[in-house]
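Structure first, then comments.
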Amino acid sequence: MEASGTTVVSRASFIESTLRGLARGMSKALVSEHAATRPGLLQQLDPRVRVIGVLLLTVAVVVCRRFEGIVSLMMVATSIAVASRVSLASLAKRVWLVTLGFTGLIALPALFLTPGEPVFALQGLHISISAQGARTVALLVLRAETAATFTTVLVLCTPWNHILKALRSLHLPPEVVTMLAMTHRYVFLMIETANQMFESRQSRTIGTLSGSERRKMTTRTAGVLLSKSIELSHEVYLAMLSRGYRGEIHLLTDFRLRPRDYMALTAFLMTAGLAMWVGR
Amino acid sequence: MHIPDGYLSPSTCATLYVLSASGWYGSLKRIKRVFASRTIPLISVFAAFSFVVMMLNVPLPGGTTGHAVGVGVAAIVLGPWGAILAISITLAIQALFFGDGGITTLGANCFNMAIVGSFVAYGVYRWIAGKSELISRRRIVAAALAGYVSINAAALVAAIEFGIQPLLFHDANGTPLYAPYSLHVAIPAMMIGHLTIAGIAEAVISAGMVSYLQTADLGVLRGIKSVGPGSVQIVSGAPGESSKAEPSQRRLWWTVALLMLCTPVGILAAGSAWGEWSSADLKNPHKRAQIGVVSGNQAPPSSVPAGLQKLATLWTAPFPGYAPRFVRSQAFGYLLSAMFGVGFFVVTSLITSVVGSKWKRPERQL
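Shown next, in the form of structure tokens:
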């Protein structure tokens, strides 16, 4: 039984919010795996073309300095999402609203803080919105939304192992690709382990936890996870050795480019180039 | 602190990718030397652990909660080089898979949190812990401060990256094209949140975990090293000690750093070096008089030589007179130029050595 302290917070709110956070991470990943199997535009392309194309378009978004360029890229991103059978509702919930909330909150004060010619004044408060402020906020929000849409559509339409293979064929060192793959694999195991630890703690806790008890619980859970991680890395290493691992990494890249991949790559290149030219 | 795409200009992103790439290359080489073939499973599993730590809500005094990055713990257990890799891998997974942080800004995020954060955390921990016993309370305080200072150092670097954007990248009307806040807004805005909530969350998780390890798994605090394929043991000595550079090399780096700090001394030198006159100097009557005096009272040519005039416009230096245009302080301009010059040579050497080694030993693939 846990003693209650002076600053009492419901045990349910703390443990359950942590459990919810961990479960959210898991479900987010499962949604990605599910969407990647649907037939759609991006799914039919070679993963290397997808990765290169979306990276090019994301770079074009960052390079663009004019609304016209970024707006046209946002339309391209939305069209690719629709053609790849990504639900616009989930995109809005997962990307657009989140980015708008985050970037909008950060950018909002720039409306008033950016010096320039005033276009709207709040009488009595002695503050005004400048044309430059409005433009910089719009640019920042639009750019962040468009870049996030592109990367999310790529992740939703491409299984993780395909992204890694594509990165390998782009000459990322094999050690790094292997570490990314293994980390991704063990993230889920760690989340599951942390989840089980919090659940078991919740099942044995009655009453409420004080602030210091909650801190102790979180840091001890993290400490146990650390010890387990080191143990696990040892076990994984032995398993790798037993399968013949001698410190060298060999990855299979069995992708083959087809005519439609070349066409898509050309389209990505032309779109990115055109957007950069328009938005220069 | 995970900077999304669109907040930093392409040139800032590219510069920070180059800086991070040199950090990744250096840490991969050092870590492979220490952990040999155990590097990949160790760093991967540790990166997965860091990922989960970033998801945990850390309850803070006052009833609020915050998220830690785990950079303090990573630097204490793996040493700075191992922490760079583990945190970078975590950030890459977050950016690529969970959309937390941008793709174009991944280099910046890794530079801030993985590179700056790891070195600051390790330095503070080693400095405060000193040679104290592994089970002493001083280690807990050291871990707390390491976590707190490192996350704030990373936030400060991120704030500087944000703050220089409107200074460097704006259109003709003065509209900032990327992050809109200048340094005097970006630094306080970033630091208030990190000095109060995020810093404390990092301090709590670092101190709490070191305290836990002192009672439950003391060996981890001694450092993890591999002594050969298949056999792993916890050995005495602080993490990262074996990854130290050779003494002569370390002295060289210290000397380079000292020389870089001394570069603003150049401001004391008046006038320009003999024979290094520009076409503008030859047109300026005051400068012409000075040139005449230092040339043994021999007057310079009455007009700028045609060849000099033509060739002078061929190339415009990015940092003319060791003073980038966006820097107002001359001393800082000298320092920045020195850092850029040294960084350029280090990166060029690294690229040359990578290209050279690849040319000698072609990579085998199945």
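Protein chains in written order, with my numbering: chain A, 1180 to 1459; chain B, 2 to 367. By construction, the Cβ of each residue, glycine as well, lies at the ideal position given by its N, Cα and C atoms.
Take the Cβ of residue i as the centre, count every other Cβ of all protein chains shown within 10 Å, and call the residue buried at 16 or more, exposed below.
i	result
L1321 (chain A)	buried
F1291 (chain A)	exposed
M1358 (chain A)	buried
V121 (chain B)	buried
S1412 (chain A)	buried
N174 (chain B)	exposed
L367 (chain B)	With a pLDDT of only 34 at L367 (chain B), under the threshold of 50, the placement of this residue in the model should not be trusted; the figure read from the coordinates follows. Result: exposed.
N1340 (chain A)	exposed
M1449 (chain A)	exposed
H195 (chain B)	buried
R1481 (chain A)	The question about residue 1481 (chain A) has no answer here: the residues shown for chain A are numbered 1180 through 1459.
R1422 (chain A)	exposed
L1224 (chain A)	buried
M1254 (chain A)	exposed
S1382 (chain A)	exposed
V53 (chain B)	buried
T1216 (chain A)	exposed
L168 (chain B)	exposed
W1404 (chain A)	The question names Trp, yet the displayed sequence has Leu at residue 1404 (chain A). Result: buried.
Y123 (chain B)	buried
R140 (chain B)	buried
H3 (chain B)	buried
Q1302 (chain A)	exposed
Y213 (chain B)	buried
Q1222 (chain A)	buried
What does residue i pair with, by DSSP beta-bridge criteria?
i	result
S1309 (chain A)	A:P1297
P177 (chain B)	B:H171
Alpha carbon to alpha carbon, what distance is there between residue j and residue i?
i	j	result
P1294 (chain A)	A76 (chain B)	42 angstroms
V59 (chain B)	M1419 (chain A)	35 angstroms
S207 (chain B)	F50 (chain B)	14 angstroms
R127 (chain B)	S119 (chain B)	12 angstroms
A1443 (chain A)	M191 (chain B)	41 angstroms
R223 (chain B)	I161 (chain B)	35 angstroms
L17 (chain B)	T1197 (chain A)	34 angstroms
V1241 (chain A)	A1451 (chain A)	11 angstroms
T197 (chain B)	A156 (chain B)	12 angstroms
T1 (chain B)	I136 (chain B)	Limits of chain B in this structure are 2 at one end and 367 at the other, which puts residue 1 (chain B) out of reach.
I152 (chain B)	A1446 (chain A)	42 angstroms
S1258 (chain A)	T1337 (chain A)	17 angstroms
S45 (chain B)	G24 (chain B)	18 angstroms
F163 (chain B)	M55 (chain B)	23 angstroms
L1335 (chain A)	A281 (chain B)	58 angstroms
G7 (chain B)	T1328 (chain A)	12 angstroms
C14 (chain B)	A1345 (chain A)	22 angstroms
Y179 (chain B)	G1312 (chain A)	12 angstroms
L1236 (chain A)	E1354 (chain A)	27 angstroms
A109 (chain B)	A1360 (chain A)	22 angstroms
R1465 (chain A)	R1229 (chain A)	No answer is possible for residue 1465 (chain A): it lies beyond the span of chain A, which begins at 1180 and ends at 1459.
I41 (chain B)	A1401 (chain A)	22 angstroms
R1439 (chain A)	A1256 (chain A)	19 angstroms
N1374 (chain A)	R1399 (chain A)	14 angstroms
F1367 (chain A)	T176 (chain B)	44 angstroms
P306 (chain B)	W82 (chain B)	55 angstroms
A255 (chain B)	L262 (chain B)	Just to set this straight, residue 255 (chain B) is Trp in the shown sequence, not Ala. Distance between the alpha carbons of W255 (chain B) and L262 (chain B): 11 angstroms.
A1262 (chain A)	G1219 (chain A)	6 angstroms
I1249 (chain A)	V186 (chain B)	27 angstroms
R1394 (chain A)	V205 (chain B)	8 angstroms
- Message: Counting only Cβ-Cβ distances shorter than 7 angstroms, please list the residues of the region 1349-1360 of chain A near chain B, keeping chain order.
- Response: E1354, T1357, M1358 and L1359
- Which residues, taken in chain order from the region 168-182 of chain B, show a beta carbon closer than 8 angstroms to some beta carbon of chain A? D172, N174, G175, T176, P177, L178, Y179, A180, P181 and Y182
- Give, in chain order, every residue of the region 208-227 of chain B whose Cβ lies closer than 8 angstroms to some Cβ of chain A. Along the region 208-227 of chain B, the positions whose C-beta sits under 8 angstroms from a C-beta of chain A are A208, G209, M210, S212, Y213, L214, A217, D218, V221 and I225, read in chain order.
- Message: Quick check for students: name the residue ranges of the alpha helix (DSSP H) that lie wholly in the region 118-200 of chain B, counting only runs of 4 or more.
- Response: For secondary structure counted as the alpha helix (DSSP H) over 4 or more consecutive residues, the region 118-200 of chain B holds these complete runs in sequence order: 118-130, 138-169 and 184-194.
- Every unbroken alpha helix (DSSP H) within the region 1353-1423 of chain A, with a cutoff of 4 residues, ordered by chain: 1353-1382 and 1390-1421
- Task: Mind checking the region 1445-1458 of chain A against chain B and listing, in chain order, the residues whose C-beta falls within less than 9 angstroms of any C-beta there?
- Result: none
- Scan the region 39-55 of chain B for residues whose Cβ lies nearer than 8 angstroms to a Cβ of chain A and list them as they occur along the chain. Hits within the stretch, in order: R39, T40, I41, P42, L43, I44, S45, V46, F47, A48, A49, F50, F52, V53 and V54.
- Query: For the region 149-164 of chain B, which residues have a CB atom closer than 9 angstroms to at least one CB atom of chain A, in sequence order?
  - Reply: none
- Mind checking the region 1304-1320 of chain A against chain B and listing, in chain order, the residues whose C-beta falls within less than 8 angstroms of any C-beta there? A1310, Q1311, G1312, R1314, T1315, V1316, L1318 and L1319
- Item | Near-chain A residues of the region 6-22 of chain B - C-beta to any C-beta below 9 angstroms | D6, G7, Y8, L9, S10, P11 and C14
- Could you list the residues in the region 1374-1391 of chain A with a C-beta less than 7 angstroms from some C-beta on chain B, going in chain order? G1390
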